[in-house]
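S.K.: Chains S and F are the protein sequences, given in the same order.
The first sequence lines up with residues 1 to 204 when you count with our numbering.
The second sequence lines up with residues 1001 to 1204 when you count with our numbering.
The structure follows.
Protein chains: 2
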Amino acid sequence: METIEDEIVTRQLPPGTRLDEVELAQRFAVSRTPIREALIQLASAGLVELRPRRGAIVAQISPQRLMEMFDVMAELEALCGRLAARRITPEERQRLLAAHEACAAARDGQDPDRYFYLNESFHLALYGASHNAFLEEQARNLQRRLRPYRRLQLRIHNRVLNSFSEHQGIVDAILSGDEALTVTRIRDHIRIQGERFSDLIASL
Amino acid sequence: METIEDEIVTRQLPPGTRLDEVELAQRFAVSRTPIREALIQLASAGLVELRPRRGAIVAQISPQRLMEMFDVMAELEALCGRLAARRITPEERQRLLAAHEACAAARDGQDPDRYFYLNESFHLALYGASHNAFLEEQARNLQRRLRPYRRLQLRIHNRVLNSFSEHQGIVDAILSGDEALTVTRIRDHIRIQGERFSDLIASL
DNA sequence: TCGTCAATTCCTGTATACAAGAAGTTTGAC
DNA sequence: GTCAAACTTCTTGTATACAGGAATTGACGA
């Protein structure tokens, strides 16, 4: 079943939408209680904004804040990479390469949506190779929150091709065990997304 | 008034404690509804663990996971420092130095609790100087979660003195605008806490 | 004496009712 | 005609009631 969270990240409920508890309760055929509890969770995750006595709205994220989030994401992923370069196991190496090759197929297939999906798997494989479960959780959470914006910017001309070649550089750096190189390449890879996104905003 | 969160971070409710909704409701003189909503929030913040149909307990954090959290904290603070070295304003510089000098007084006064409190202000000043509000939030959240453990390890012999001299090094690096030096010094400063903590654990 | 199964009790999860505050509308005065 | 104030309506926040699992305890059998 589709959850409220799904509808937010897929933009069926765009930022700013008022979330009427009664309406949601009817739509999901439950009482207001579980809806309220879900909204509190979503507020903690940063997906909705809870204004006391004035209801919930889908969180509005300013371009400024989005850039800030990308900067933090870059650093979290860079840490994943640094740890992975040191700690990756043969199985994880296998998984990372498999995810990378799947991306190659999607790139050649000219399917941005499919590339987007597989790209996520690639990054998840990277998080897992860090051998730091807490870091992995944090990275996954932030990835989820940034998902709609990353998706948007993959439609930019040549972004899929560039993204893939950046992945190649990251894989090479990790497999060679070069921590410093891994860090700079991942940081650049993520920060480029933030920059491309702000280009997109500026062009509107 | 004292909140459930306060009682958890101050260890009045130690990890593993069962949180009976009815009992909490009586103690705070409210119904179960707001208690449940508070527990959901605390679960999102990682302070309590919510087991479906089996109630809530104060989150148990394993030494392993704690070390992982310190690693992430180190990286978040290092990022704060890197950005601060580049962006700090005269007012923020003032605030950072004031917090640092207040720590000096507490160090000389041999008052670990007071030092602990002022130490937090110092780190908060650092977060603020990053000019990244999202990063600041993340850092504050994680600082809050790690608070009880950091407090514990300040009682270790000479830790206050060492902590202060590490602060001095960090301030110098930031004020000189040396990003790389700031990053390594902050990273070490935070990671030492994690290591000291695991020493403490090992000695039990 | 110990283990297993069943019945009871307790607690969580959901629904519903009620109270109180915010928003919108209507009416009156200037 | 416009602005303000009061009243109405709608929505959130809290309390309470009820239903369905989980845990505990006691009895029975090995």
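For glycine and all other residues, C-beta sits at the position ideal for the given N, C-alpha and C.
Only a predicted model underlies this, so the values are computations on that prediction, with no experimental measurement involved.
With a CB to CB cut of under 7 angstroms and the five nearest residues on each side skipped, what residues in its chain are close to S:GLN153?
M.R.: The residues are ARG159, GLN193, ARG196, PHE197, LEU200.
S.K.: How many Å lie between F:ARG1082 and F:SER1130 at the Cα?
M.R.: Whole-angstrom Cα-Cα distance: 8 angstroms.
S.K.: For the 8 angstroms Cβ check, are there 3 or more pairs between the segment 1176-1189 of chain F and the segment 1074-1094 of chain F?
M.R.: At 8 angstroms Cβ cutoff, the stretches touch.
S.K.: Under a CB-based cut-off of 9 angstroms, is F:MET1069 close to chain S?
M.R.: So yes, F:MET1069 belongs to the interface.
S.K.: Judging by CA-CA distance, which residue of S:ALA43, S:LEU66, S:ALA139, S:ALA173 is the nearest neighbour of S:ALA56?
M.R.: Of the candidates S:ALA43, S:LEU66, S:ALA139, S:ALA173, the one whose C-alpha sits nearest the C-alpha of S:ALA56 is S:ALA43.
S.K.: Going by beta carbon distance, what residues of the same chain come within less than 7 angstroms of S:PRO14, once the five residues before and after it are set aside?
M.R.: Cβ neighbours of S:PRO14 beyond the five flanking positions: VAL58.
S.K.: Which ranges would you report for the alpha helix (DSSP H) in the segment 1157-1185 of chain F if only whole runs of at least 4 residues count?
M.R.: Counting only runs of 4 or more, we get 1159-1175.
S.K.: So F:ILE1156 contacts chain S; which residues on that side make the cut at Cβ distance below 8 angstroms?
M.R.: Going along chain S, no residue has its Cβ under 8 angstroms from F:ILE1156, so there is no contact; the nearest lies around 23 angstroms.
S.K.: Give every residue of the same chain whose Cβ lies closer than 7 angstroms to the Cβ of F:HIS1189, excluding the five residues on either side of it in the sequence, and list them in chain order.
M.R.: For F:HIS1189, where only same-chain residues beyond five positions count, the Cβ hits under 7 angstroms are GLU1166, ILE1170.
S.K.: Using 10 angstroms around the beta-carbon of S:ALA105, count the other beta-carbons present and answer buried if the total reaches 16, otherwise exposed.
M.R.: So S:ALA105 counts as exposed.
S.K.: Among S:ALA85, S:PRO63, S:GLY177, S:LEU97, which one has its Cα closest to the Cα of S:ARG150?
M.R.: The shortest Cα separation from S:ARG150 among S:ALA85, S:PRO63, S:GLY177, S:LEU97 belongs to S:PRO63.
S.K.: By DSSP's criteria, F:GLU1049 is part of a beta bridge. Which residues make up the other side?
M.R.: DSSP lists F:ILE1057 as partners of F:GLU1049.
S.K.: What span of residues does the alpha helix (DSSP H) with F:GLN1131 cover, start to end?
M.R.: Residue identity differs from the one stated: residue 1131 of chain F is His in this sequence, not Gln. Counting along the chain, F:HIS1131 falls outside any alpha helix (DSSP H), and DSSP gives it neither H nor E.
S.K.: Tell me the rounded alpha-carbon separation between S:ARG140 and S:GLN41.
M.R.: Using only the alpha carbons, I get a separation of about 16 angstroms.
S.K.: For a test of the three-state rule: what should DSSP assign to F:LEU1019, helix, strand or coil?
M.R.: Strand at F:LEU1019.
S.K.: Using C-beta distances below 6 angstroms, list every residue in its chain close to S:ARG191, excluding the 5 sequence neighbours before and after it, in chain order.
M.R.: Cβ neighbours of S:ARG191 beyond the five flanking positions: ALA74.
S.K.: I'd like the span of the alpha helix (DSSP H) that includes F:ALA1074, first residue to last.
M.R.: 1063-1087 is the extent of the alpha helix (DSSP H) around F:ALA1074.
S.K.: Helix, strand or coil, according to DSSP, for S:GLN94 in the structure here?
M.R.: In this structure, S:GLN94 counts as helix in the three-state DSSP scheme.
S.K.: Could you name the residues of chain S that F:PHE1197 contacts, counting a contact when the two beta carbons are closer than 7 angstroms?
M.R.: In chain order: nothing, as chain S lies at least about 15 angstroms away.
S.K.: Let's see if you can read the secondary structure: which residues bound the alpha helix (DSSP H) around F:VAL966?
M.R.: This structure cannot speak to residue 966 of chain F, because chain F is shown only from 1001 to 1204.
S.K.: If you run the structure through DSSP and keep just helix, strand and coil, what is S:GLN110?
M.R.: Coil at S:GLN110, not helix or strand.
S.K.: Quick one: give me the first and last residue of the alpha helix (DSSP H) that F:PRO961 is part of.
M.R.: Nothing can be reported for residue 961 of chain F: it is not among the residues displayed for chain F, which extend from 1001 to 1204.
S.K.: Could you check the C-alpha separation between S:ALA133 and F:ARG1065 for me, to the nearest Å?
M.R.: Going from the Cα of S:ALA133 to the Cα of F:ARG1065 covers about 7 angstroms.
S.K.: Would F:ARG1155 and F:PRO1090 be called neighbours here (beta carbons separated by less than 9 angstroms)?
M.R.: Against a cut-off of 9 angstroms, the Cβ pair of F:PRO1090 and F:ARG1155 comes out as no contact.
S.K.: Using a Cβ cut-off of 9 angstroms (strictly closer), state whether S:PHE134 contacts chain F.
M.R.: Output row for S:PHE134: interface = yes.
S.K.: Cβ closer than 8 angstroms: which chain S residues qualify as neighbours of F:GLU1037?
M.R.: Those are ARG36, GLU37, ILE40, listed as they occur along chain S.
S.K.: How is S:SER203 classed by DSSP in three states: helix, strand or coil?
M.R.: S:SER203: coil per DSSP, three-state reduction.
S.K.: Shorter than 9 angstroms from the beta carbon of S:GLU75 to some beta carbon of chain F?
M.R.: So yes, S:GLU75 belongs to the interface.
S.K.: Excluding the five sequence neighbours on either side, which residues of its own chain have a C-beta within less than 6 angstroms of the C-beta of F:ARG1187, listed in chain order?
M.R.: Contacts found: ALA1074, ALA1078.
S.K.: Buried or exposed: which applies to F:LEU1126, given that a residue is buried once 16 or more other Cβ atoms fall within 10 Å of its Cβ?
M.R.: Buried: at least 16 other Cβ atoms inside 10 Å.
S.K.: Measure the C-alpha to C-alpha separation of S:THR10 and F:ARG1051 and round it to an integer number of angstroms.
M.R.: When rounded, the distance between both Cα atoms is 29 angstroms.
S.K.: Out of F:VAL1048, F:ALA1038, F:ALA1029, state which residue places its alpha-carbon closest to the alpha-carbon of F:ILE1008.
M.R.: Checking every option, the nearest Cα to that of F:ILE1008 belongs to F:VAL1048.
S.K.: Can you pull the chain F neighbours of S:ARG65, defined as C-beta to C-beta under 8 angstroms?
M.R.: Result: ALA1133, PHE1134.
S.K.: Alpha carbon to alpha carbon, what distance is there between S:HIS123 and S:ARG87?
M.R.: C-alpha separation (whole angstroms): 16 angstroms.
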